[in-house]
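Per our numbering, the sequence shown runs over residues 2 to 309.
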Amino acid sequence: MPYGWGWKPYVSVAERRAKAKRHVAKLATKGRQVLPVEISGRKIAATFWGAAWCDNLERYSDFANRLPRGRTYVRNGSVIDLQIKRGCVTAIVSGSEIYEVKIDVTPLAKTCWKSIKSDCARSIDSLIDLLQGRFSKGVMERLTRQEGGLFPKPREISMRCSCPDWAVLCKHAAAALYGVGARLDSAPELLFLLRGVDHLDLISQAVDGANLNAALASDSDESLVADDLGAVFGIDLESLDAPSRKKPTRSAGARRTKPARAATKTVKAAAKATQRGGATAAAKRAAKKKTPAKKQTAAQAARRPKKT
């Protein structure tokens, strides 16, 4: 990008990070919470959803020239804030300056989403894998299909950046797009939010399928892996009415029975000791009262005249 008679001076990664840190601190004083994109290692995304998003970007020739610079930016921590909402991605990217990026994504067509749900519902075995957090090849291909799949096409993506680059896709917007892939590693449900559909619809299609019970009965796994499902869809399987195969365990109240009895015995012993102590003290007080009474009677008897 032109800067005066040449190009804008190169800014090192360390300088960009320092500038980003100052900007984040400034935003914090205004009460804004930032969500930076942090990459560990060379891979931007490691899970199915994140990797599929990045692969989808790279197979479109429209983005080919600018994506490499975006990969570099996202790897070195230049995306200091990334927010994903329905049909929109906003980002703050640190370059030679601090730039703001907005990416609009067209919501998934209702007919397309209906087709995806219908196709998945007819693949019960694949949906069981889906519930367990493992995807079959058929489901992967259906979701990542270029035409009629879940991921947006270039014509469904529009980008704006505050940098002076006139290209449709600048390196800052490219970094934000890769940042979405990294974010999907930890929160894949955000992809469904971005496309304007409910990820739980896939689960409801699986539960309402006619052959679900037979598929569950034939499945060799003892139980659905709730942790894997939570990692993929961010939901709790306890809401599904599935019979529990776990052995009954003793309740917390049963485990506390013995300590409670011991405590009761201790209280009773203390009460008895108190009673004994109280009785002893009362006896001593009574003895003290009786002793002066006897002395007084003897003195009175001494004063009485003897009978002759």
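The beta carbon of each residue, even a glycine, is placed where N, CA and C say it ideally should be.
Values in this document were obtained by computation on a predicted structure and should not be read as measured data.
- If you draw a straight line from the Cα of Asp105 to the Cα of Ala15, it comes to about 31 Å.
- Residue pairing of Glu101 in beta bridges, as defined by DSSP: Ile93.
- Residue pairing of Lys86 in beta bridges, as defined by DSSP: Cys89.
- Pairing Ile99 with Arg23, the inter-Cα distance amounts to about 10 Å.
- In the structure shown, the three-state DSSP call for Cys162 is strand.
- With fewer than 16 other Cβ atoms from the protein chains shown falling within 10 Å of its own Cβ, Arg60 counts as exposed.
- Under the DSSP assignment, Asp199 falls outside any alpha helix (DSSP H); it carries neither an H nor an E label.
- Judged by DSSP in its simplified three-state form, Val106 adopts strand.
- The Cβ atoms of Arg17 and Ser62 do not sit closer than 9 Å to each other.
- Under the 10 Å beta carbon count, Cys89 is surrounded by fewer than 16 other beta carbons and is classified as exposed.
- The alpha-carbon separation between Gln147 and Asp82 amounts to approximately 29 Å.
- Cβ-Cβ distances below 7 Å link Leu36 to Asp82, Leu83 and Gln84 in the same chain, with the five nearest sequence neighbours on each side left out; the list follows chain order.
- Minimum Cα-Cα distance from Leu194 among the listed residues Ser119, Pro108, Lys115 and Gly71 corresponds to Pro108.
- Remark: C-beta atoms of Gly150 and Arg143 approach each other more closely than 9 Å.
- Shown here, Val25 sits in a helix according to DSSP, grouped into three states.
- The shortest C-alpha to C-alpha distance from Asp166 to any of Arg67, Gly32, Asn77 and Ala46 is the one to Arg67.
- Taking all protein chains shown into account, Arg43 has fewer than 16 neighbouring C-beta atoms within 10 Å of its C-beta and is therefore exposed.
- Separation of Ala188 and Thr48 (C-alpha to C-alpha, rounded to the nearest whole angstrom) is 10 Å.
- Secondary structure of Ile40 (DSSP, three-state): coil.
- Ile81 sits in a strand when the DSSP states are folded into three classes.
- In the displayed model, Val169 falls within coil according to three-state DSSP, outside both helix and strand.
- Sixteen is the threshold: when 16 or more other Cβ atoms of the shown chains lie within 10 Å of the Cβ of Ser95, as they do, the residue is buried.
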